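Position 99, counted from 1, in the sequence shown is what the UniProt record's numbering calls 99; the numbers after and before it change by one each time, with no gaps.
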Amino acid sequence: MKTVYDFNVKMTDGTEKSLKDYSGKVLLIVNTASKCGLTPQFKGLQELYDKFADRDFVILGFPCDQFNNQEFAQIDETLQFCQKNYGVTFPMFAKIDVNGENADPLFTFLKEEKKGVLSRNIKWNFTKFLVDQTGHVVERYAPTTEPSQIEKDIVKLFA
């Protein structure tokens, strides 16, 4: 059975990283955007990361420009924006597509594992996927779900 550990993703410098490097950790995988009405969620995501990082919890941020071009053209601008405005220290990766024929294979897998309410496609920025320590997708959260609302599900995975 396939897990998120079967995928490689691109770092912001273009090099590849195996998600096997996160084996044994609880993951929250998020498609992000810097110029979206939901962008302030970066603050809540960083708070979750700070709270649980010592318990093998990692947030993986994937900038996406598919929804009304709400991401900077250059990844360096994205990283600077996230760090300056929200103190983001969790891993951010190269800009990707989450839907369509150029969708990143990781997000194609995530969508297959946990379909949305009406569609398998991701409808907007800040769709979140919670992954357990064995690499299995356990939950999908709508873009409007605040990071603080996910905390109880993260805690359950540590039990």
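Glycine included, C-beta positions come from ideal geometry on N, C-alpha and C.
What you are looking at is a predicted structure, and each value in this text was computed from that prediction instead of being measured.
| Check | Outcome |
| --- | --- |
| From 31, 93, 151, 143, residue whose alpha carbon lies closest to that of residue 18 | 93 |
| Contact belief for residue 125 with residue 147 at Cβ below 8 Å, rounded distance in angstroms | About 14 Å separates the two Cβ atoms, so there is no contact after all. |
| Stretch pair the segment 148 to 158 + the segment 7 to 17: three plus CB contacts closer than 8 Å | no |
| Neighbourhood of residue 111 by C-beta, 6 Å cutoff - its chain only, sequence neighbours within 5 removed | 120 |
| Cβ shell of residue 141 (< 8 Å), same chain only, five flanking positions each side left out | 127, 128, 129, 130, 149, 150 |
| Beta-carbon spacing of residue 139, residue 123 below 8 Å | no |
| Per-residue DSSP class, three states only, for residue 63 | strand |
| CB of residue 12 within 8 Å of CB of residue 75, strictly | yes |
| Which listed residue (78, 6, 136, 21) has its alpha carbon closest to that of residue 61 | 78 |
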